[in-house]
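Numbering (our numbering), first residue to last: 7 to 275. C-beta: ideal position from N, C-alpha, C; glycine also.
Right under this line is the structure:
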């Protein structure tokens, strides 16, 4: 019995140590603060997945909420169902704010996503026939951006001073009688099969095998439309949001963009 006492004592100490470790791990897991971020499709969701472990090291359990259309992420953020979203450029956010009396703000520009004009039927703009139909996104900020792209390509001319609020009513010259069809952003890829040309962002063009640097009929050039991390005025300066902003503008994201999209996206930070 005397010989068993040291063994039992060591065993008890071991079990106590293991129990303490389990309790400590459990406490650490419970102490992690949750942050919910809404998004839509790759590469935004891919980038969030990339920084998720980095957020965990900072003490945050980041939930990525993937939604099905380009209105829900902003509505969810406004209603405080999520803490941030990552899917849009500032002009689109501004349009939502004005239409919904919201107070969303840009926290961190992450990457530039050039708008392109693509055609399955024609290889050059000159081949577009009179009366050709071109599909563009139907939200006001992307309508204006698409019209500007068509103007850069010489297909239309907008009235002087038409900016980010431009609509089809601002077209003053249309020598080829182009018909412009406004389509939901998420439906543009389907339109590619049916219309003569379509203006799309890379996230929607790439699944079709299209690259703005190689396949777009028009080069957009510099723009003010970086895909950005968005929050609300009341939480934009919080530690969680600022930690996410730091990681989305960090070396991991820069490397991800360079390695996976060398001719498509470039960092906006």
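Check, Outcome
"Nonlocal neighbours in the same chain, by C-beta distance under 6 Å from residue 68, ignoring five residues either side", "41, 58, 61"
"Cβ of residue 238 within 9 Å of any chain B Cβ", "Of the chains in the structure shown, none is chain B; there is only one protein chain."
"Complete runs of the beta strand (DSSP E) confined to the segment 122-184 [at least 3 residues]", "122-124, 139-143, 177-179"
"Three-state secondary structure assigned by DSSP to residue 55", "helix"
"Identified DSSP bridge partners for residue 110", "238"
"Contact between the segment 118-126 and the segment 153-163 (3+ Cβ pairs under 8 Å)", "yes"
"Assigned secondary structure, residue 187 (DSSP; H/G/I helix, E/B strand, else coil)", "strand"
"Close beta carbons around residue 203, own chain, < 6 Å, minus the five adjacent residues each side", "123, 125, 140"
"Range covered by the alpha helix (DSSP H) that runs through residue 265", "257-266"
"Own chain residues within Cβ distance below 6 Å of residue 183, not counting five before or after", "136, 137"
"Member of 63, 80, 64, 65 whose CA lies at the smallest distance from the CA of residue 71", "80"
"Candidates 91, 169, 106, 270: closest to residue 220 by CA position", "270"
"Supposed close pair residue 242, residue 111 - CB separation, criterion 8 Å", "5 Å"
"Simplified DSSP assignment, three categories, for residue 221", "helix"
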